[in-house]
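These protein sequence lines are chains A and B, in that order.
Per the UniProt record's numbering, the first sequence starts with residue 1, numbered consecutively.
Per the UniProt record's numbering, the second sequence starts with residue 1, numbered consecutively.
Glycine included, each C-beta is placed from N, C-alpha and C at the ideal position.
Structure, as structure tokens:
There are 2 protein chains.
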Amino acid sequence: MSWSPAHPETVFTYGAPQLKFGPGAADEIGHDLGALGATRVLVVTDAGVLATGWPDRVAGVIRESGLEAVVHDSAHVEPTDASLTAAIERARADGPFDGFVAVGGGSAIDTAKAVDLLLTNDGDLMDYVNVPVGGGRAPSRPLAPLVAVPTTTGTGAESTTICVLDVLDLKVKTGISHVRLRPTLAVVDPRLTASQPAGVTASAGMDILCHALESWTARPYTSYDRKQPDERVPYCGSNPISDLWAERSMSLLAKAFRRAVRDGADEAARGEMALAATFAGLGFGNAGVHVPHANAYPVAGRVRDFRPDGYPDDHPMVPHGMAVALTAPEAFRWTFAADPERHLAAARLLDPVGSHGGSGRGGEPRDVLPRVLVDLMRDIGMPNGLSAVGYGPGDVADLVEGSLRQQRLLATAPREVDGAALDGIISRSMQLWD
Amino acid sequence: MSWSPAHPETVFTYGAPQLKFGPGAADEIGHDLGALGATRVLVVTDAGVLATGWPDRVAGVIRESGLEAVVHDSAHVEPTDASLTAAIERARADGPFDGFVAVGGGSAIDTAKAVDLLLTNDGDLMDYVNVPVGGGRAPSRPLAPLVAVPTTTGTGAESTTICVLDVLDLKVKTGISHVRLRPTLAVVDPRLTASQPAGVTASAGMDILCHALESWTARPYTSYDRKQPDERVPYCGSNPISDLWAERSMSLLAKAFRRAVRDGADEAARGEMALAATFAGLGFGNAGVHVPHANAYPVAGRVRDFRPDGYPDDHPMVPHGMAVALTAPEAFRWTFAADPERHLAAARLLDPVGSHGGSGRGGEPRDVLPRVLVDLMRDIGMPNGLSAVGYGPGDVADLVEGSLRQQRLLATAPREVDGAALDGIISRSMQLWD
Numbered sequence: 001m002s003w004s005p006a007h008p009e010t011v012f013t014y015g016a017p018q019l020k021f022g023p024g025a026a027d028e029i030g031h032d033l034g035a036l037g038a039t040r041v042l043v044v045t046d047a048g049v050l051a052t053g054w055p056d057r058v059a060g061v062i063r064e065s066g067l068e069a070v071v072h073d074s075a076h077v078e079p080t081d082a083s084l085t086a087a088i089e090r091a092r093a094d095g096p097f098d099g100f101v102a103v104g105g106g107s108a109i110d111t112a113k114a115v116d117l118l119l120t121n122d123g124d125l126m127d128y129v130n131v132p133v134g135g136g137r138a139p140s141r142p143l144a145p146l147v148a149v150p151t152t153t154g155t156g157a158e159s160t161t162i163c164v165l166d167v168l169d170l171k172v173k174t175g176i177s178h179v180r181l182r183p184t185l186a187v188v189d190p191r192l193t194a195s196q197p198a199g200v201t202a203s204a205g206m207d208i209l210c211h212a213l214e215s216w217t218a219r220p221y222t223s224y225d226r227k228q229p230d231e232r233v234p235y236c237g238s239n240p241i242s243d244l245w246a247e248r249s250m251s252l253l254a255k256a257f258r259r260a261v262r263d264g265a266d267e268a269a270r271g272e273m274a275l276a277a278t279f280a281g282l283g284f285g286n287a288g289v290h291v292p293h294a295n296a297y298p299v300a301g302r303v304r305d306f307r308p309d310g311y312p313d314d315h316p317m318v319p320h321g322m323a324v325a326l327t328a329p330e331a332f333r334w335t336f337a338a339d340p341e342r343h344l345a346a347a348r349l350l351d352p353v354g355s356h357g358g359s360g361r362g363g364e365p366r367d368v369l370p371r372v373l374v375d376l377m378r379d380i381g382m383p384n385g386l387s388a389v390g391y392g393p394g395d396v397a398d399l400v401e402g403s404l405r406q407q408r409l410l411a412t413a414p415r416e417v418d419g420a421a422l423d424g425i426i427s428r429s430m431q432l433w434d
Numbered sequence: 001m002s003w004s005p006a007h008p009e010t011v012f013t014y015g016a017p018q019l020k021f022g023p024g025a026a027d028e029i030g031h032d033l034g035a036l037g038a039t040r041v042l043v044v045t046d047a048g049v050l051a052t053g054w055p056d057r058v059a060g061v062i063r064e065s066g067l068e069a070v071v072h073d074s075a076h077v078e079p080t081d082a083s084l085t086a087a088i089e090r091a092r093a094d095g096p097f098d099g100f101v102a103v104g105g106g107s108a109i110d111t112a113k114a115v116d117l118l119l120t121n122d123g124d125l126m127d128y129v130n131v132p133v134g135g136g137r138a139p140s141r142p143l144a145p146l147v148a149v150p151t152t153t154g155t156g157a158e159s160t161t162i163c164v165l166d167v168l169d170l171k172v173k174t175g176i177s178h179v180r181l182r183p184t185l186a187v188v189d190p191r192l193t194a195s196q197p198a199g200v201t202a203s204a205g206m207d208i209l210c211h212a213l214e215s216w217t218a219r220p221y222t223s224y225d226r227k228q229p230d231e232r233v234p235y236c237g238s239n240p241i242s243d244l245w246a247e248r249s250m251s252l253l254a255k256a257f258r259r260a261v262r263d264g265a266d267e268a269a270r271g272e273m274a275l276a277a278t279f280a281g282l283g284f285g286n287a288g289v290h291v292p293h294a295n296a297y298p299v300a301g302r303v304r305d306f307r308p309d310g311y312p313d314d315h316p317m318v319p320h321g322m323a324v325a326l327t328a329p330e331a332f333r334w335t336f337a338a339d340p341e342r343h344l345a346a347a348r349l350l351d352p353v354g355s356h357g358g359s360g361r362g363g364e365p366r367d368v369l370p371r372v373l374v375d376l377m378r379d380i381g382m383p384n385g386l387s388a389v390g391y392g393p394g395d396v397a398d399l400v401e402g403s404l405r406q407q408r409l410l411a412t413a414p415r416e417v418d419g420a421a422l423d424g425i426i427s428r429s430m431q432l433w434d
């Protein structure tokens with residue numbers, strides 16, 4: 001390890017929502033909101049999830065418990081300052097609310113966090129957005145209870161304290177980050193992910209895997225300088241608790257990931273993937289993620305005309321999990337030197353019987369984990385590198401520049417990241433297998 | 001498994017306090033209480049812990065953050081209705097308070113839960129005590145933030161939603177149990193356990209071990225009938241999350257327990273024991289404990305003249321962890337049939353290299369885990385069975401009767417427990433090794 005702080009950190013923090021997990025859990029939300037003291041509840045979702053019927057079903061069980069419920073399909077996929085402001089204004093017009101439910105993916109959950117924040121605290125959205133883009137203000141009052149009901153296995157938004165948004169005028173992705181934004185209760189009901197097509201399961205699964213693997217390999221909390229209490233951040237680096245969640249998430253993925261992609265009706269595999277997603281979220285929600293997630297911003301954001309299977313084909317996109325995955329093998333080949341044993345342990349967790357490239361036969365130790373990842377990506381139908389989603393050698397500098405903007409994420413990497421390192425990782429990620 | 005419910009449970013719940021862990025964590029409590037909105041804080045402790053200086057030091061850091069702080073040594077070891085009522089009345093007289101800190105073992109933390117409950121909600125203590133002893137009333141209002149600062153590694157009270165008390169007139173041990181009683185934040189600072197004598201480390205460590213082992217072997221949540229949302233209890237049986245904490249706790253104990261007893265100055269071992277205690281608490285705080293903890297009530301409660309090393313010698317006592325441990329080997333020999341693989345896995349976690357009786361050489365499979373436990377207990381100076389703390393064959397019926405009163409705990413056992421089963425376990429626990 002290359003870090004040698006003068007006064008090493010000795011303290012780590014861990015926070016998580018309360019959790020209700022299992023088929024049927026979503027039918028108890030009315031009772032849970034009542035126990036949390038809510039009387040009038042806003043259900044936040046997006047138009048796509050609304051069409052599945054689940055948000056109205058959740059509103060129904062809330063009403064059966066004697067509470068009022070209003071449904072807004074006000075979440076925008078990849079929230080922007082404009083979409084969040086519109087969602088907040090719509091909520092204010094229909095308010096007051098003393099409880100919130102988010103039904104959907106990360107976008108719906110993050111939108112609900114912003115709506116809850118601005119309906120319980122004064123000011124405007126930009127007051128709370130991270131500096132330098134916004135005012136970086138901390139909420140002065142507790143938020144109302146927020147129940148997060150993820151419908152895609154992967155984002156981990158149900159466990160985190162951040163709301164990610166694009167500020168359109170500035171063309172920048174930033175966020176609002178405060179411990180009060182963490183949902184009160186996460187309700188993970190695998191029935192809500194039952195309709196995921198194989199391509200979505202594959203991309204979302206790679207997001208889960210990278211949450212686990214990036215928090216597992218994140219810079220250790222003890223490698224930072226001792227923080228003052230008011231300097232503590234939600235992502236404190238890898239620690240004994242985030243390690244535990246990451247390890248178990250990887251073991252579940254080893255067991256269930258290929259099966260869940262192969263057969264969407266395999267309920268056991270789907271349940272294990274939902275658990276893996278929850279565990280990975282509980283881990284990275286405290287440790288942080290790094291290089292693959294930083295790279296995913298420009299890889300997704302600068303898409304030209306790639307249209308993946310299983311997603312709406314009305315616009316080009318690189319799904320988030322796929323964007324994360326495409327540079328992961330090379331990112332972990334580069335981070336290997338920071339802690340070889342940890343990378344080899346991850347390979348063993350992901351490939352316990354050594355049948356997927358992890359047996360260590362032949363090659364350098366630093367190639368073992370990348371080989372396990374590439375073998376998996378090929379099996380589940382990921383594109384063969386950045387070139388397969390439309391990027392070429394001429395795009396490397398642009399992608400590096402976009403990744404370098406994600407300093408908040410790169411700060412969690414186990415080695416100091418500079419442009420040259422990213423250039424190498426991204427260049428070598430153009431094609432992942434022959 | 002002998003359970004075959006008509007409609008098996010599909011849902012489990014998981015709750016935990018936020019956590020701050022590590023040397024130095026206790027010095028940040030003022031900041032943390034401020035962030036939680038507190039302005040005037042009551043620090044609850046007992047006379048023994050007060051003498052260590054830590055409660056006043058904590059009150060000092062609270063005042064440095066600009067908050068008011070008052071210290072009460074109002075906790076009684078093994079709280080009673082009388083001691084809790086006195087603590088509540090003293091707090092009311094010095095109130096109001098909008099934040100609470102407990103510095104101490106389970107008794108101080110449970111006392112603070114009761115004080116917080118009765119200062120934020122109407123009524124009297126007995127209104128909230130579990131039926132049939134009390135009124136079983138649920139708190140109608142949220143409690144004020146409670147920061148739990150354990151000074152003994154073991155109790156897990158910082159993670160649980162219960163307050164245990166003796167009702168003196170009825171000579172019965174009961175509790176108050178509600179999710180609102182769970183502390184908001186647990187601050188685990190291994191410096192606060194640095195002065196523990198070896199005998200205390202040994203007994204407290206056996207309590208940690210039994211928390212982990214009992215929640216790991218507890219009746220699985222899927223073996224119960226499907227509950228309605230308002231029937232859910234804090235202890236839902238073993239589940240994938242409590243398993244995770246229990247497993248890791250056992251691995252940490254395998255590494256650190258003997259070292260921590262042998263050398264109280266071994267800081268690494270002490271840190272690992274504090275982490276093991278925290279993890280075990282997070283596990284059993286959701287899954288539950290069973291036979292050894294049920295037996296511990298009469299074993300501790302009916303003591304005659306045993307005086308253990310490392311504890312004040314002004315009165316006879318069987319320390320809680322020791323009382324739990326003494327029937328554990330025989331309890332796990334009896335529960336073995338419910339899930340042999342799980343018992344063997346526990347033996348491997350506690351004795352990974354097979355050097356402490358867990359190698360499985362010779363004997364029946366059901367003897368492997370008991371042999372690992374007995375080997376450990378001998379090494380760390382536990383008494384050789386119930387006879388070594390003063391009980392004889394003539395006491396068995398009385399101990400069985402006391403254990404049978406703990407139906408709330410016995411309900412979590414992986415086999416149906418009756419008097420005959422307890423008679424066998426207790427009789428065979430009189431002497432554990434030759």
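{"Asked": "Distance between B/Gly-156 and B/Asp-94 (C-alpha atoms, nearest Å)", "Found": "28 angstroms"}
{"Asked": "A/Leu-373 beta carbon less than 8 angstroms from that of A/Pro-329", "Found": "yes"}
{"Asked": "CB contact below 8 angstroms: B/Thr-10 versus chain A", "Found": "yes"}
{"Asked": "Any non-hydrogen atom of the ligand PLP closer than 7 angstroms to A/Phe-306 Cβ", "Found": "As for the ligand PLP, it is missing from this structure, which has no ligand bound."}
{"Asked": "Short CB-CB distance (under 8 angstroms) between B/Leu-19 and chain A", "Found": "yes"}
{"Asked": "Element boundaries [alpha helix (DSSP H), containing B/Ala-269]", "Found": "267-287"}
{"Asked": "Residue closest to A/Cys-210, alpha-carbon to alpha-carbon, out of A/Val-149, A/Asp-266, A/Ala-75 and A/Thr-153", "Found": "A/Thr-153"}
{"Asked": "Beta-carbon gap between A/Val-299 and A/Leu-399 smaller than 8 angstroms", "Found": "yes"}
{"Asked": "Runs of alpha helix (DSSP H) lying entirely within the region 278-349 of chain B, each at least 4 residues, in chain order", "Found": "291-301, 320-325 and 328-335"}
{"Asked": "Entirely enclosed beta strand (DSSP E) segments - the region 96-145 of chain A, minimum 3 residues", "Found": "99-104"}
{"Asked": "Helix, strand or coil at B/Lys-255 [DSSP, three-state]", "Found": "helix"}
{"Asked": "Three-pair Cβ contact test at 8 angstroms for the region 12-30 of chain B versus the region 163-183 of chain B", "Found": "yes"}
{"Asked": "Per-residue contacts from A/Asp-32 into chain B (C-beta, under 8 angstroms)", "Found": "Pro-229"}
{"Asked": "Contacting residues, own chain, Cβ-Cβ under 7 angstroms from A/Ala-280 (five flanking each side not counted)", "Found": "Gly-156, Ile-208, His-211, Ala-212, Trp-245, Ala-246 and Ser-249"}
{"Asked": "CA nearest to the CA of B/Ala-323, picked from B/Asp-225, B/Val-71, B/Ser-429 and B/Val-58", "Found": "B/Ser-429"}
{"Asked": "Partners in chain B for A/Thr-13, counting only beta-carbon separations shorter than 8 angstroms", "Found": "Gln-18, Leu-19, Lys-20 and Phe-21"}
{"Asked": "A/Asn-239 versus A/Ala-25, A/Pro-220, A/Ala-420 and A/Leu-42, residue with shortest Cα-Cα distance", "Found": "A/Pro-220"}
{"Asked": "Cβ neighbour criterion (16 or more within 10 Å) applied to A/Leu-252", "Found": "buried"}
{"Asked": "Beta-carbon proximity list for B/Thr-222, same chain, < 6 angstroms, skipping 5 on both sides", "Found": "Pro-8 and Glu-9"}
{"Asked": "Assigned exposure category for A/Pro-79 - 16 Cβ within 10 Å defines buried", "Found": "buried"}
{"Asked": "B/Ser-74 - DSSP class collapsed to helix/strand/coil", "Found": "coil"}
{"Asked": "Proximity test, Cβ basis, 8 angstroms: B/Ala-25 and chain A", "Found": "yes"}
{"Asked": "Stretch-stretch touch, CB-based, cutoff 8 angstroms, three pairs: the region 271-289 of chain A with the region 342-360 of chain A", "Found": "no"}
{"Asked": "Buried or exposed (CB count within 10 angstroms, at least 16 for buried), B/Pro-145", "Found": "buried"}
{"Asked": "Where A/Leu-165 falls, given that 16 or more other Cβ within 10 Å makes a residue buried", "Found": "buried"}
{"Asked": "Beta-carbon contacts of B/Arg-259 that lie in its chain and below 6 angstroms, excluding the five residues immediately before and after", "Found": "Asp-266 and Ala-269"}
{"Asked": "Inter-residue CB distance, A/Leu-42 and A/Phe-97 (contact presumed, cutoff 8 angstroms)", "Found": "4 angstroms"}
{"Asked": "CB of residue 441 of chain A within 8 angstroms of CB of A/Val-261, strictly", "Found": "Residue 441 of chain A is absent from the model: chain A starts at 1 and stops at 434."}
{"Asked": "A/Ile-425 burial status per 10 Å Cβ neighbour count (16 or more: buried)", "Found": "buried"}
{"Asked": "CB contact flag (B/Thr-278, B/Leu-19, <8 angstroms)", "Found": "yes"}
{"Asked": "Partners in chain B for A/Glu-28, counting only beta-carbon separations shorter than 7 angstroms", "Found": "Pro-229"}
{"Asked": "Where A/Tyr-221 falls: helix, strand or coil (DSSP)", "Found": "helix"}
{"Asked": "Validate contact between the region 110-122 of chain B and the region 416-425 of chain A using beta carbons, cut 8 angstroms, 3 pairs", "Found": "no"}
{"Asked": "Segments assigned beta strand (DSSP E), at least 3 residues, entirely inside the region 10-64 of chain A", "Found": "12-14, 18-21 and 40-44"}
{"Asked": "CB-CB length for B/Tyr-297 against B/Gln-406, believed under 8 angstroms", "Found": "6 angstroms"}
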